[in-house]
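The sequence shown lines up with residues 688 to 818 when you count with our numbering.
Glycine included, each C-beta is placed from N, C-alpha and C at the ideal position.
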Amino acid sequence: MDFFKDRYAKVDNKAMEDGAPVDFGGGFIVTVRHVSSEKVNLERAKITKQLRVMNRNRDLTPEQQKRITSHVAAHAGIVTWDGSKVGVPEFSPEFAEKVFAERPEFLDDVIEAMTTYETFRDAEVSAAAGN
Numbered sequence: 688m689d690f691f692k693d694r695y696a697k698v699d700n701k702a703m704e705d706g707a708p709v710d711f712g713g714g715f716i717v718t719v720r721h722v723s724s725e726k727v728n729l730e731r732a733k734i735t736k737q738l739r740v741m742n743r744n745r746d747l748t749p750e751q752q753k754r755i756t757s758h759v760a761a762h763a764g765i766v767t768w769d770g771s772k773v774g775v776p777e778f779s780p781e782f783a784e785k786v787f788a789e790r791p792e793f794l795d796d797v798i799e800a801m802t803t804y805e806t807f808r809d810a811e812v813s814a815a816a817g818n
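Here it is as structure tokens:
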């Protein structure tokens, strides 16, 4: 059981809720919340409910599920980004959704950052590990 304690006790819970910066390369920094943060969960519940009402409570289609993922990542998962070094416009959820539609691999990268605990490791632990 020490494995789990050692691995997951080093997570910064505040960063999971408020966001942690991730370098996507070239100095493009995206600040993301963890996928299980309160804000992400609330946004997911809100958009899912809206789509279910539109669908008359039938199962959501794969396209609607993709829309939920994109919407939640853009409106709650990403806190902000700094793309000034690489020519990326200022962050807005609407622009992020547009980029996700054009470059779904960027959405995959954002989701990966939102789901990996390495993104939210305690800064002291990361510094000691040389990360």
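Residue i and residue j closer than 7 Å at C-beta
i, j, result
"Glu784", "Ser757", "yes"
"Gly714", "Lys772", "yes"
"Ala702", "Phe807", "yes"
"Ala707", "Glu730", "no"
"Thr802", "Val722", "yes"
"Ser724", "Glu750", "no"
Strand pairing of residue i, partner residues [DSSP]
i, result
"Val719", "Ala707, Ile765"
"Val698", "Arg808"
Rounded distance between the beta-carbons of residue j and residue i, thought under 8 Å
i, j, result
"Ala760", "Leu794", "6 Å"
"Gly804", "Val698", "At residue 804 the sequence reads Tyr, which differs from the Gly that was named. Their Cβ separation, rounded to whole angstroms, is 5 Å, which keeps Tyr804 and Val698 in contact under 8 Å."
(Q) Quick check: the segment 757-771 against the segment 704-721, are at least 3 beta-carbon pairs closer than 8 Å? (A) Contact holds: three or more Cβ-Cβ distances are below 8 Å.
Q) Which runs of the alpha helix (DSSP H) spanning at least 4 residues fall entirely within the segment 729-759, listed in chain order? A) Every unbroken stretch of the alpha helix (DSSP H) spanning 4 or more residues and falling wholly within the segment 729-759 is given here in chain order: 749-759.
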